[in-house]
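A.B. asks: Here it is: the structure, laid out below.
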Amino acid sequence: MKRLVIAAQREWARLHTLLGYRRRDVMLQHPPLHLWIEPTNKCNLRCVMCINAVATKANSGFMELALYRSLIDQARAWHPKPLISLFLGGESTLHCDIFDMVSYAEEVGLETFMATNATTLTAERSRRLIEARLSNIIFSFDGYDKSSFESVRVGANFERTIDNIRTFLEIKRDAGRRKPRVTFYSLITRSAQAPSEQAKLAAFQSTLSNLPIDEFKTEVAGHWSGTFDGLNTADFQEAVPYGDHFYPCFHLWRSMSILWDGTVVPCCVDFLGELPLGDARQQPLVEIWNGPRMVAHRRKMINQDIANIPLCTKGTRGCEVPWPTQVRFGVPVQMLPHCVKLFDKVVHRDGTA
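In the numbering used here, the protein residues as written are 1 to 353.
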C-alpha cells in the first residue's frame with residue numbers, strides 16, 4: 001500500500017511538472033523529482049564514449065559523507081520524495097562509504113539508483129550493496145565478447161567483469177531478494193547497429209537468461225553534446241538522431257545534479273561543472289532550484305538563447321535533448337507521466353487518434 005501511495009504521489013507530481021513545462025514557468029512550485037548525486041568523479045576506466053576519456057578534470061575527489069547526508073535530509077522532506085541516482089561522472093563503487101550512502105537514503109524512504117561498470121564488485125562488495133537495500137542497479141556493459149568489450153571499456157577485463165556481474169546476481173538470487181531491480185545496459189555505436197552485430201549481442205545476452213536480470217536495454221551512443229564530433233575511434237558521429245523542432249531541455253523542470261564537491265549543475269551530463277548554479281554546502285537545494293541562475297537558464301532555454309552555453313551547443317548541432325524525435329501533447333515523451341504514456345499507447349493502438 002505504501003508503495004502505491006508513493007507511486008501515486010509521483011504521478012501527480014509529474015503531471016504538475018508537465019503543466020509547468022507546457023506553461024514555460026521559470027519559477028516552479030515543486031521541488032526536483034530526481035536528484036543525481038555524484039559520490040565521486042573518479043573512474044578506473046577510460047571508456048571511448050565517455051567524457052572521462054578526453055577531458056581533463058580540474059579537480060577530483062570523493063563527496064564527504066556529511067554533505068551527502070545533508071542532501072538526503074533535505075530530500076526526505078519533499079513531497080513527493082525524489083528519486084536518487086548515486087552516479088554521475090565517476091565510478092560510484094570506488095567511494096568507501098557507498099554502502100552507507102545507499103542505506104542512509106533507503107532508510108528514509110528514498111529510492112536509489114546506481115550505474116556501475118562492475119569492475120570492482122567483489123562478492124563481499126556485492127553482498128553489502130544488496131544488504132544496503134539498493135533499489136535499482138544498472139550494469140553498464142558494452143560489447144558481447146572480449147574484443148568488442150575491451151575495445152570500448154578501456155582498462156576493464158571481460159572475463160573478470162562478467163564474473164563479477166554473475167556473482168552479484170547469484171548472491172541476490174540465493175538471498176531471495178526482490179531488490180535491486182537489475183538492468184543490463186549496453187551502448188551501441190553506429191557500426192554496432194548492423195544486424196550481424198546485434199545478433200551477436202543478443203546471443204551473448206541469452207547466456208545470462210538464467211540469472212535475475214529484469215531488463216536488457218540498448219541505446220545508441222551519443223556524441224556527448226558534440227564532444228565526439230569528428231572522432232572516429234568510437235564511431236559516434238551522426239549516431240544520435242535529432243528531431244525537427246526545438247523544445248526546452250526538460251531536465252531543467254524535473255531534475256538537478258550535485259557534483260562530488262557540492263557544486264549544483266542543471267544537467268546530468270555536466271561532469272565538468274560548466275554550468276554551476278550554486279553550492280550545496282552553502283545553500284539549500286530548493287533555494288538553488290528557483291535561484292537566479294536556474295531561472296535565467298530556464299528562460300534562455302525557453303527563448304532558445306543557448307548560443308553562449310557551451311554544454312548545449314558543442315559540435316555542429318549541439319546536445320540532442322532539446323531536439324527530441326518523439327513528442328506527445330507538446331512535450332518530449334520522456335516527460336510524460338506513466339499514466340499519460342499508458343493512455344497514449346491505448347489511444348494509438350485503437351487507432352482513434
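Heads up, the beta-carbon is just placed ideally off N, CA and C, and yes, glycines get one too.
So what does DSSP say about A132, is it helix, strand or coil?
C.D. replies: Position 132 of the sequence shown holds residue 132. Coil.
A.B. asks: Beta carbon of R24, beta carbon of I302: below 8 angstroms?
C.D. replies: Position 24 of the sequence shown, counted from the start, is the residue given in the question as residue 24. Position 302 of the sequence shown, counted from the start, is the residue given in the question as residue 302. In this structure, I302 lies closer than 8 angstroms to R24 by Cβ.
A.B. asks: Write down every uninterrupted run of the alpha helix (DSSP H) in the region 244-321 whose length is 4 residues or greater and which is fully enclosed by it, in chain order.
C.D. replies: 251-254, 285-289, 292-302, 310-313
A.B. asks: Beta-carbon within less than 6 angstroms of T263's beta-carbon, same chain only, minus the 5 sequence neighbours each way: which residues are those?
C.D. replies: As a position in the sequence shown, residue 263 is number 263, starting the count at 1. G273, P276.
A.B. asks: Using DSSP bridges, identify the partner residues of M440.
C.D. replies: For the chain, the structure presents residues 1 to 353; residue 440 sits outside this window and is missing.
A.B. asks: Can you tell me whether M27 is buried or exposed? The criterion is at least 16 other CB atoms within 10 Å of its CB, across all chains shown.
C.D. replies: Here residue 27 is taken as the residue at index 27 of the sequence shown, counted from 1. Its Cβ having fewer than 16 others within 10 Å, M27 is exposed.
A.B. asks: For R125, which residues of its own chain have a beta-carbon under 7 angstroms away from its beta-carbon, when the five flanking residues on both sides are left out?
C.D. replies: Along the sequence shown, one-based indexing puts residue 125 at 125. Taken in chain order, the residues that qualify are T93.
A.B. asks: Y104 by DSSP, collapsed to three states: which one?
C.D. replies: As a working mapping, residue 104 is identified with position 104 in the sequence shown. In this structure, Y104 counts as helix in the three-state DSSP scheme.
A.B. asks: Report the residue from A280, W12, G109 whose alpha carbon sits nearest the alpha carbon of I84.
C.D. replies: Here residue 84 corresponds to residue number 84 of the sequence shown, with the count starting at 1. It is G109.
A.B. asks: Put W354 into one of helix, strand or coil per three-state DSSP.
C.D. replies: Given that the chain is displayed from residue 1 to residue 353, the structure contains no residue 354 and the question cannot be resolved.
A.B. asks: What does V357 pair with, by DSSP beta-bridge criteria?
C.D. replies: The displayed coordinates of the chain run from 1 to 353. Any statement about residue 357 would go beyond what the structure contains.
A.B. asks: Measuring only the C-alpha atoms, how far is L15 from D214?
C.D. replies: As a working mapping, residue 15 is identified with position 15 in the sequence shown. As a working mapping, residue 214 is identified with position 214 in the sequence shown. Spanning the two alpha carbons is a distance of roughly 27 angstroms.
A.B. asks: Per DSSP, what kind of secondary structure is H338 in: helix, strand or coil?
C.D. replies: Translated into the one-based positions of the sequence shown, residue 338 becomes position 338. H338 falls in the helix class under three-state DSSP.
A.B. asks: Measuring CB to CB, does G20 end up less than 8 angstroms from W260?
C.D. replies: Here residue 20 refers to the residue found at position 20 of the sequence shown. Here residue 260 refers to the residue found at position 260 of the sequence shown. Not in contact: G20 and W260 (Cβ atoms no closer than 8 angstroms).
A.B. asks: Helix, strand or coil for K81? Go by DSSP, reduced to three states.
C.D. replies: Position 81 of the sequence shown, counted from the start, is the residue given in the question as residue 81. K81 falls in the coil class under three-state DSSP.
A.B. asks: How about I138 and T167: do their beta carbons lie closer than 8 angstroms?
C.D. replies: On the sequence shown, residue 138 is found 138 positions in, with the first residue counted as 1. On the sequence shown, residue 167 is found 167 positions in, with the first residue counted as 1. No, they are not a contact pair.
A.B. asks: Do the region 318-335 and the region 242-261 meet, that is, are 3 or more Cβ pairs less than 8 angstroms apart?
C.D. replies: The answer is yes - the region 242-261 touches the region 318-335, with three or more Cβ pairs under 8 angstroms.
A.B. asks: For S147, which residues does DSSP report across the bridge?
C.D. replies: In the sequence shown, counting from the first residue as 1, residue 147 sits at position 147. Beta-bridge pairing links S147 to no other residue.
A.B. asks: Note down the Cα distance separating P31 from A8, rounded to an integer number of angstroms.
C.D. replies: On the sequence shown, residue 31 is found 31 positions in, with the first residue counted as 1. On the sequence shown, residue 8 is found 8 positions in, with the first residue counted as 1. Spanning the two alpha carbons is a distance of roughly 16 angstroms.
A.B. asks: Would you say L88 and E38 are within 8 angstroms of each other, going by their C-beta atoms?
C.D. replies: Position 88 of the sequence shown, counted from the start, is the residue given in the question as residue 88. Position 38 of the sequence shown, counted from the start, is the residue given in the question as residue 38. Yes, the pair counts as a contact, with Cβ atoms nearer than the cut-off.
A.B. asks: Could you name each continuous beta strand (DSSP E) segment of 3 residues or more that falls completely within the region 28-74, going from the start of the chain to the end?
C.D. replies: As far as the region 28-74 is concerned, its whole beta strand (DSSP E) runs of at least 3 residues are 34-37.
A.B. asks: Please state whether DSSP places L86 in a helix, a strand or coil.
C.D. replies: Along the sequence shown, read from residue 1 onward, the residue named residue 86 stands at position 86. Coil, per DSSP.
A.B. asks: Which one of D100, V265, L336 has the shortest CA to CA distance from R133?
C.D. replies: To locate residue 133, count along the sequence shown from 1; it is residue 133. The candidate whose alpha carbon is nearest that of R133 is D100.
A.B. asks: Thinking N44 and T119 are a contact (beta carbons under 8 angstroms), I'd like their distance in whole angstroms, please.
C.D. replies: As a first step, residue 44 must be located in the sequence shown, where it is residue number 44. As a first step, residue 119 must be located in the sequence shown, where it is residue number 119. Sure, about 6 angstroms apart at Cβ, within 8 angstroms.
A.B. asks: List in chain order: all unbroken alpha helix (DSSP H) runs of 4+ residues lying wholly within the region 161-224.
C.D. replies: 195-206
A.B. asks: Around the Cβ of S147, are there at least 16 other Cβ atoms within 10 angstroms (buried) or fewer (exposed)?
C.D. replies: Position 147 of the sequence shown, counting from 1, holds the residue named residue 147. The residue is exposed, with fewer than 16 neighbouring Cβ atoms inside 10 Å.
A.B. asks: For F216 versus Q198, is the C-beta spacing smaller than 8 angstroms?
C.D. replies: Numbered from 1 along the sequence shown, position 216 holds the residue referred to as residue 216. Numbered from 1 along the sequence shown, position 198 holds the residue referred to as residue 198. No, they are not a contact pair.
A.B. asks: Quick one: using the 10 Å Cβ neighbour count with 16 as the cut-off for buried, is G230 buried or exposed?
C.D. replies: For the purposes of this step, residue 230 is taken as the residue at position 230 of the sequence shown. Caution applies to G230, whose pLDDT of 44 falls short of 50 and renders its modelled position unreliable; the value that the coordinates give is listed next. Flag for G230 reads exposed.
A.B. asks: Hey, how far is the Cα of A221 from the Cα of A194?
C.D. replies: One-based indexing of the sequence shown puts residue 221 at position 221. One-based indexing of the sequence shown puts residue 194 at position 194. Rounded to the nearest angstrom, the two C-alpha atoms are 14 angstroms apart.
A.B. asks: Answer yes or no: do L86 and M114 have a C-beta to C-beta separation smaller than 8 angstroms?
C.D. replies: As a position in the sequence shown, residue 86 is number 86, starting the count at 1. As a position in the sequence shown, residue 114 is number 114, starting the count at 1. Yes.
A.B. asks: Can you tell me which of the three DSSP states Y242 falls into?
C.D. replies: The residue labelled residue 242 in the question sits at position 242 within the sequence shown. If DSSP states are grouped into helix, strand and coil, Y242 belongs with coil.
A.B. asks: If you measure between the beta carbons of D142 and L187, is that distance less than 8 angstroms?
C.D. replies: Looking up residue 142 in the sequence shown gives position 142. Looking up residue 187 in the sequence shown gives position 187. In contact: D142 and L187 (Cβ atoms closer than 8 angstroms).
A.B. asks: Report buried or exposed for R153, applying the criterion of at least 16 other Cβ atoms within 10 angstroms of its Cβ.
C.D. replies: Within the sequence shown, numbered from 1, the residue matching residue 153 stands at position 153. Under this definition R153 is a buried residue.
A.B. asks: Helix, strand or coil: which one does DSSP assign to G109?
C.D. replies: Stepping through the sequence shown from its first residue, residue 109 is reached at position 109. Per DSSP, reduced to three states, the secondary structure at G109 is coil, with no helix or strand assignment.
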